[in-house]
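Counted from 1, the sequence shown has number 450 at position 158 by this note's numbering; the numbering is strictly sequential.
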Amino acid sequence: SWEIAQYLEKVYPDSPSLFHGNEGVHLFFHNYCHTHLLRPLFQLVVLDVHRRSGPESTQKWFRENREARFGVTLEQFAGNPDDHLAALPKLLEPCTTILVSYPFLTGEKVGWADVVLASFLTMVAAIKPELFKSHILNGYTNSDSLRNWWQRMEIYMGEAPPNA
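1. Secondary structure at G399, three-state DSSP: helix, strand or coil?
2. So, does the region 333-342 touch the region 413-424, judging by three or more C-beta pairs under 8 Å?
3. To the nearest angstrom, how far is the alpha carbon of A469 from that of F354?
4. Take L310 and list the residues in its own chain whose beta-carbon comes closer than 8 Å to its own, dropping the five residues that flank it on each side.
5. Between the Cα of E400 and the Cα atoms of W441, L330 and N430, which residue gives the shortest distance?
6. Give a yes or no on whether the C-beta atoms belonging to L384 and L438 are separated by under 8 Å.
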């Protein structure tokens, strides 16, 4: 969360920075992802998350909780996956455009914006790996820049990430 990132910056000032002195830019990107990317990505996996959420009682809770939040059934919220997949290249375009010129969204060093995007994409990669590979990392203009970035980010997503 944004609050945790701010806390880490404050409490561990001698560690590599998540913001690199550009907190406002990272907050903008954080908000962009929450506003534009999270919903279509979650729509792609919500029915799978529901199915995998555990015993029937947990699935019931998940359904009731999310349907109350969304105001529609899970199936209606999920909608047509093809529509969400078709929208993703345009939604990812600000990222892929930057990644053509820089190794990370934040330039030469990994930063909070990279963490945010990686966390959202990890949701799809973990639940629908084939769809992730075929439609998010491949198949549209500049998808190679996102795919290369994802490969660079994998080291930071391990159990013992390096000091950036």
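For every residue, glycine included, the Cβ atom is placed at its ideal position computed from N, Cα and C.
Based on what the coordinates show:
1. Start at 1 with the first residue of the sequence shown, and residue 399 comes out as number 107. Of the three classes helix, strand and coil, the one that applies to G399 here is strand, per DSSP.
2. yes
3. Limits of the chain in this structure are 293 at one end and 456 at the other, which puts residue 469 out of reach.
4. Position 18 of the sequence shown holds residue 310. So the list reads A297, L300, E301, H318, G403, W404 and V407, once near-sequence residues are dropped.
5. The residue you call residue 400 lines up with position 108 of the sequence shown. Taking only the C-alpha atoms, the option nearest E400 is W441.
6. Locating residue 384 in the sequence shown gives position 92, where the first residue counts as 1. Locating residue 438 in the sequence shown gives position 146, where the first residue counts as 1. The answer is yes: Cβ separation under 8 Å.
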